[in-house]
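The next block holds one structure in the form of structure tokens; read it before the comments.
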Amino acid sequence: MTPARTGASLALAAMLCVQLGIAVSVGLAERVGADGAAWLRLVWAGLIVLVVLRPRRGSMSGRAFRTCVALGVVTAGITMLFMVAVSRLPMGTASALEFLGPLSVAVLRGRGTVARLLWPALAAVGVLLLTEPWHGGVDLVGVAAALGAAVCWAGYIVLTQRVGDEVAGVQGLAVSMPVAGLVATGVVLALPGSQAMGSLTWEVVLLGVALAVLLPVVPFALEMVALRRLTAAAFGTLMCLEPAIALVIGLVVLGQVPGPAAVVGLVLVVAAGLGAERSGARSAEPGGEGAPGGPVEPACGVGDELAAAPR
Numbered sequence: 045m046t047p048a049r050t051g052a053s054l055a056l057a058a059m060l061c062v063q064l065g066i067a068v069s070v071g072l073a074e075r076v077g078a079d080g081a082a083w084l085r086l087v088w089a090g091l092i093v094l095v096v097l098r099p100r101r102g103s104m105s106g107r108a109f110r111t112c113v114a115l116g117v118v119t120a121g122i123t124m125l126f127m128v129a130v131s132r133l134p135m136g137t138a139s140a141l142e143f144l145g146p147l148s149v150a151v152l153r154g155r156g157t158v159a160r161l162l163w164p165a166l167a168a169v170g171v172l173l174l175t176e177p178w179h180g181g182v183d184l185v186g187v188a189a190a191l192g193a194a195v196c197w198a199g200y201i202v203l204t205q206r207v208g209d210e211v212a213g214v215q216g217l218a219v220s221m222p223v224a225g226l227v228a229t230g231v232v233l234a235l236p237g238s239q240a241m242g243s244l245t246w247e248v249v250l251l252g253v254a255l256a257v258l259l260p261v262v263p264f265a266l267e268m269v270a271l272r273r274l275t276a277a278a279f280g281t282l283m284c285l286e287p288a289i290a291l292v293i294g295l296v297v298l299g300q301v302p303g304p305a306a307v308v309g310l311v312l313v314v315a316a317g318l319g320a321e322r323s324g325a326r327s328a329e330p331g332g333e334g335a336p337g338g339p340v341e342p343a344c345g346v347g348d349e350l351a352a353a354p355r
């Protein structure tokens, strides 16, 4: 397989893990509430990160540490708000609405040739059709939660880039993910009527561990490897497939049947993803992958903005 196809396969596997994790979380939310399902995932993910990455306070400046803490806060916001959204809306619709956050940032920062803008533009039309905003009767609380998650995801992009500039390796994640777990715990304790704590059983706790591995631990690892085989622009466009994958998982796992407009949107997003895969291989550079000196770090771009964002 070419680097582009290998990277695309890894990115698709990561997105499949994400959407399967969300679908299972919807079932868990019926037992512990949307806030409880998000809380279990974040707490266990934070604990796993603490054990595996072992954050070192002396490895970053005070400013960088505060940025990592802020990143943890928006990470909790993305996860908890999106769980509220998918508990009220079809997965494809909620995912498309949430995707407006990174898509807006990509459009505002975008530059380059017409060809590079074509695939993201096509994906944007597909996302719009998947959302079907012209229909009435949509759960307004679910829509507001999805849009709130989109705002948090936009903030996640900005903060992730700042952390990447100031903190070496994955030490930023080693701080932000445990902070997200603490914030989620605080929300669950303070939220009136939350059933998260009162519904805990060993089965629920173990399911939370499995979900934390499925989302975000495994997707993070897969996306990081994929980014070393794709251009940032191609990776970012491939991530536009996520609402379409959410629609399919919602149909297969949750029985959420899409309308005609959503099917058209799915076709457009898939077409954009295929275009990205064809043009996504990294060019050979001195010190790049396949050359003496090791792999190339991915350039800052759309792909980096979307990489490993918790959903």
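Numbering (my numbering), first residue to last: 45 to 355.
Built from N, CA and C at the ideal position, the CB exists for glycine as well.
Values in this document were obtained by computation on a predicted structure and should not be read as measured data.
Query, Result
"Given a cut-off of 8 Å, decide if P287 and L125 are closer than it, judged by their beta-carbon atoms.", "no"
"Assign L266 to one of three DSSP states: helix, strand, or coil.", "helix"
"If you check the beta carbons only, do A78 and S139 fall under 8 Å apart?", "no"
"Assign E247 to one of two classes, buried (16 or more other C-beta atoms within 10 Å of its C-beta) or exposed (fewer than that).", "exposed"
"Checking 8 Å against the spacing of the C-beta atoms, do A48 and A129 come in under that value?", "no"
"Which whole runs of the alpha helix (DSSP H) in the segment 105-172 are 4 residues long or more, in chain order?", "106-130, 135-153"
"By Cβ distance, which residues of its chain are closer than 6 Å to G161, with the 5 residues on each side in sequence left out?", "Checking the displayed sequence, the identity of residue 161 turns out to be Leu instead of Gly. Nothing listed; no residue qualifies."
"In terms of residue numbering, what span does the alpha helix (DSSP H) encompassing M59 cover?", "47-97"
"So what's L244 in DSSP terms, helix, strand or just coil?", "coil"
"Near V249, what residues of its chain come up, given a Cβ to Cβ distance below 8 Å and the 5 sequence neighbours on each side ignored?", "L84"
"Among R75, M59, A290, E267, which has the Cα closest to the Cα of A240?", "R75"
"What residue does the alpha helix (DSSP H) around C196 start on, and which one ends it?", "184-210"
"Would you mind stating whether G252 and W88 have Cβ atoms separated by less than 8 Å?", "yes"
"Would you tell me roughly how many angstroms separate the C-alpha atoms of A265 and V307, rounded to the nearest one?", "30 Å"
"Which same chain residues end up closer than 7 Å to W197 when comparing Cβ atoms and leaving out the 5 residues on each side of it in sequence?", "I122, E142, G145, P146, A353"
"Between S220 and G65, is the Cβ-Cβ spacing less than 8 Å?", "no"
"For L295 and A52, what's the separation of their Cα atoms in angstroms?", "23 Å"
"Run the CB neighbour count on L184, radius 10 Å, all protein chains shown included, and call it buried at 16 or more, exposed below.", "exposed"
"Sorted by chain position, which residues of the same chain lie with C-beta nearer than 6 Å to A58's C-beta, five sequence neighbours on each side aside?", "P263, L266, E267"
"Which residues in the same chain have their Cβ closer than 6 Å to the Cβ of V169, if we skip the five residues on either side of it in sequence?", "L312"
"Are the beta-carbon atoms of L258 and C61 separated by less than 8 Å?", "yes"
"Please name the residue, chosen from A254, G280, R273, that lies closest to T46 on a Cα-to-Cα basis.", "R273"
"So what does DSSP say about L310, is it helix, strand or coil?", "helix"
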